[in-house]
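Residue numbers (my numbering): 317 to 974.
Even glycine gets a Cβ: it sits at the ideal position worked out from N, Cα and C.
Below is one structure, written out as structure tokens; comments come after it.
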């Protein structure tokens with residue numbers, strides 16, 4: 317009986333009773349799959365033990381008993397030369413099943429790795445796999461196999477190996493499609509951000525998720541191999557030994573005089589193929605259950621955090637003179653200058669962020685704020701070289717610890733990810749691979765970056781869990797992602813980000829899906845990181861979180877930085893109309909009976925960015941000059957503020973551009 321699922325508050329790990337049954341127990345709980353597995357096991361055992369179990373030699377002839385039906389001496393009757401059908405079925409299974417094993421071994425060994433690499437890495441190898449699959453689809457397989465048998469006379473093993481070779485590109489194409497979907501999962505991106513090598517990600521994170529697809533394809537191709545061996549035997553070009561195919565050929569010649577002869581071999585082939593398909597379906601469904609959340613798991617709530625900030629511009633008690641700043645800050649831990657990123661949209665390279673510049677010093681927290689679609693996450697992922705497929709850095713520099721990450725190769729980025737720059741994803745559950753326990757995933761990153769033993773990595777993972785305030789770290793380490801609450805999963809994600817002791821942590825909306833209490837705990841953890849000297853880039857929609865944690869803030873709109881300033885100055889005296897509009901949209905400032913404040917309109921997609929200021933269609937201060945040409949960002953050095961606006965809100969002391 318399935319143990320009832322135990323629920324636990326955010327601060328407590330699930331009890332042991334909440335653990336799911338093992339893989340074998342869940343498979344055997346499916347009657348169809350269990351019966352099919354038992355039948356196939358019986359067939360394989362009887363076939364392997366045919367020598368001692370078979371009542372007769374498969375080639376022993378008794379012409380006086382030819383073409384007889386079932387009897388006490390011959391339980392399934394005899395063939396045209398008086399050979400015992402049961403004995404030939406048992407011995408013949410060795411030849412047929414060996415052919416299936418050879419076919420599937422070649423089919424899976426070549427097709428699965430090729431498909432995963434093609435889907436994960438892309439490039440010329442991906443094109444090669446697709447072209448090979450198209451070519452194989454146009455070749456009549458039986459013609460190729462007949463040629464192979466002409467070269468290797470009666471060598472059915474060679475024919476079955478060739479059959480696996482011909483099917484491998486087709487399997488690779490299917491696995492490639494499945495891999496493309498898995499590649500975009502957040503936990504795979506988190507593994508990349510952790511600096512894990514591609515081959516490890518493919519083996520440990522991609523392969524388990526495509527196994528269901530592989531099993532279905534293997535069962536179909538295994539059934540096809542049985543039918544192919546039968547066809548070769550029917551044509552008389554296969555092996556001369558007893559096999560299920562040769563028995564079908566014998567039965568077809570005597571179908572008019574002894575129809576029974578077709579029943580034993582036909583039943584064996586049909587039942588074997590049917591059981592193979594049903595078992596693969598059961599295995600696929602059992603694997604899928606590993607990733608599915610419990611049916612009674614309540615949906616997570618999304619609760620907002622009280623937001624602060626005044627919607628009205630306030631005068632700043634400082635003055636500043638605008639000038640351009642292009643050189644990276646040599647004292648900054650991270651200095652981004654003129655970053656422009658393009659993605660392929662409908663096949664055309666299109667800029668999605670443009671001329672983004674900011675600095676981040678050690679121990680500082682920099683917030684990036686803006687509406688959805690403004691380019692916050694693309695900016696963050698570009699720092700780690702984790703842009704979506706087809707994305708590239710068109711121009712600009714990303715200076716980090718003396719090197720330019722914008723021009724770094726894959727090996728350099730892999731050394732930086734996880735070790736010098738940690739990543740905290742916005743979806744804590746999706747950022748963890750459901751195939752492994754939380755402790756195993758953090759220990760994997762620890763081993764990668766420290767080279768320690770498995771035992772030491774497990775101990776370090778427990779220390780990290782304690783550091784992020786997870787109660788009972790040992791039990792949490794043995795829990796799977798679906799057994800963790802959102803807050804616990806987020807703390808595990810933070811532990812993974814800290815596994816390499818990074819100098820910089822990028823937190824992509826780490827509190828979005830969490831309730832207010834858990835938000836406060838996560839922010840406390842990030843604040844402790846800052847106190848320890850770790851710099852943080854925080855992506856958020858929440859002005860309250862921004863004001864609570866950040867030292868400086870960058871406001872982005874439609875792929876551009878429109879304002880950057882110290883947080884208090886930004887919240888109390890916004891210079892850009894968009895910043896003021898965001899602050900004014902706080903529902904806490906709504907008046908009873910009045911519509912909720914909001915910035916009218918929506919962020920335009922990159923393909924519809926206007927000439928000139930991107931905010932022009934929503935700006936209450938727009939002029940004709942705002943529409944003529946792109947607006948260059950300017951800097952008020954004394955005010956430590958940057959803005960991209962021709963008519964900013966008034967700042968005292970000559971800081972206005974009106």
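Bounding residues of the alpha helix (DSSP H) (the contiguous stretch that carries residue i)
{"i": "residue 804", "result": "802-814"}
{"i": "residue 407", "result": "401-437"}
{"i": "residue 543", "result": "523-551"}
{"i": "residue 560", "result": "560-569"}
{"i": "residue 361", "result": "347-364"}
{"i": "residue 466", "result": "457-467"}
{"i": "residue 517", "result": "514-517"}
{"i": "residue 262", "result": "With the chain covering only 317 through 974, there is no way to say anything about residue 262."}
{"i": "residue 752", "result": "Premise fails: residue 752 is in no alpha helix (DSSP H) and is neither H nor E."}
{"i": "residue 497", "result": "472-499"}
{"i": "residue 693", "result": "692-699"}
With 16 other Cβ atoms within 10 Å as the buried cut-off, status of residue i
{"i": "residue 858", "result": "buried"}
{"i": "residue 406", "result": "buried"}
{"i": "residue 801", "result": "buried"}
{"i": "residue 697", "result": "buried"}
{"i": "residue 560", "result": "buried"}
{"i": "residue 525", "result": "buried"}
{"i": "residue 781", "result": "buried"}
{"i": "residue 613", "result": "For residue 613, the pLDDT reaches just 41, beneath the cut-off of 50, and the residue's location in the model is therefore unreliable, although a value from the coordinates is still provided. Flag for residue 613 reads exposed."}
{"i": "residue 499", "result": "buried"}
{"i": "residue 571", "result": "exposed"}
{"i": "residue 953", "result": "exposed"}
{"i": "residue 660", "result": "exposed"}
{"i": "residue 650", "result": "buried"}
{"i": "residue 906", "result": "exposed"}
{"i": "residue 658", "result": "buried"}
{"i": "residue 786", "result": "buried"}
{"i": "residue 583", "result": "exposed"}
{"i": "residue 646", "result": "exposed"}
{"i": "residue 812", "result": "buried"}
{"i": "residue 718", "result": "exposed"}
{"i": "residue 546", "result": "buried"}
{"i": "residue 680", "result": "buried"}
{"i": "residue 491", "result": "buried"}
Start-to-end residues for the beta strand (DSSP E) that takes in residue i
{"i": "residue 937", "result": "Note, residue 937: premise wrong, no beta strand (DSSP E); not H, not E."}
{"i": "residue 660", "result": "650-661"}
{"i": "residue 951", "result": "950-952"}
{"i": "residue 665", "result": "664-676"}
{"i": "residue 889", "result": "Per DSSP, residue 889 belongs to no beta strand (DSSP E) and is neither H nor E."}
{"i": "residue 959", "result": "957-959"}
Integer Cβ distance of residue i from residue j, believed to fall under 8 angstroms
{"i": "residue 793", "j": "residue 766", "result": "Actually they are not in contact, since the Cβ atoms of residue 793 and residue 766 sit about 17 angstroms apart, beyond 8 angstroms."}
{"i": "residue 427", "j": "residue 488", "result": "5 angstroms"}
{"i": "residue 558", "j": "residue 411", "result": "7 angstroms"}
{"i": "residue 479", "j": "residue 463", "result": "Rounded, the Cβ-Cβ distance is 12 angstroms, inconsistent with contact."}
{"i": "residue 565", "j": "residue 549", "result": "5 angstroms"}
{"i": "residue 965", "j": "residue 891", "result": "5 angstroms"}
{"i": "residue 644", "j": "residue 695", "result": "With 8 angstroms as the limit, residue 644 and residue 695 do not qualify as a contact, their Cβ atoms being about 16 angstroms apart."}
{"i": "residue 531", "j": "residue 352", "result": "Residue 531 to residue 352, Cβ: 13 angstroms. No contact."}
Those residues which DSSP pairs with residue i across a bridge
{"i": "residue 872", "result": "877"}
{"i": "residue 588", "result": "For residue 588, which the question treats as bridged, DSSP gives no partner whatsoever."}
{"i": "residue 711", "result": "656"}
{"i": "residue 682", "result": "853 and 868"}
{"i": "residue 859", "result": "Its beta-bridge partners do not exist; DSSP assigns none."}
{"i": "residue 820", "result": "737 and 851"}
{"i": "residue 394", "result": "400"}
{"i": "residue 882", "result": "868"}
{"i": "residue 716", "result": "650 and 719"}
Beta carbon proximity, residue i to chain D, threshold 9 angstroms
{"i": "residue 413", "result": "No chain D appears in this structure, which consists of one protein chain only."}
(request) Take every Cβ of the segment 662-681, pair it with every Cβ of the segment 920-933, and state whether three or more of those distances are shorter than 8 angstroms. (result) yes
(message) Using 8 angstroms as the cut-off, can you tell me whether the segment 484-501 makes contact with the segment 443-454, which would need three or more C-beta pairs spanning the two stretches below that distance?
(response) yes
(request) Say whether the segment 816-831 touches the segment 849-869, bearing in mind that this needs 3 or more beta-carbon pairs closer than 8 angstroms, one atom from each stretch. (result) yes
(message) Does the segment 744-759 come into contact with the segment 804-816, if we say contact requires no fewer than three beta-carbon pairs (one atom in each stretch) closer than 8 angstroms?
(response) yes
(message) Three or more C-beta pairs under 8 angstroms: does that hold for the segment 354-370 against the segment 584-591?
(response) yes
(request) Would you check if the segment 697-707 and the segment 733-746 touch, i.e. whether three or more CB-CB distances between them fall below 8 angstroms? (result) yes
(request) Answer yes if the segment 866-877 comes into contact with the segment 948-962, meaning at least three C-beta pairs across the two stretches below 8 angstroms, and no otherwise. (result) yes
(request) For the segment 720-727 and the segment 671-682, state whether three or more C-beta atom pairs, one from each stretch, are separated by less than 8 angstroms. (result) no
(message) Using 8 angstroms as the cut-off, can you tell me whether the segment 412-432 makes contact with the segment 382-400, which would need three or more C-beta pairs spanning the two stretches below that distance?
(response) no
(request) Inspect the CB distances between the segment 738-748 and the segment 773-791 and report whether three or more fall short of 8 angstroms. (result) no
(message) Between the segment 493-507 and the segment 459-475, can you find at least three pairs of beta-carbon atoms closer than 8 angstroms?
(response) no
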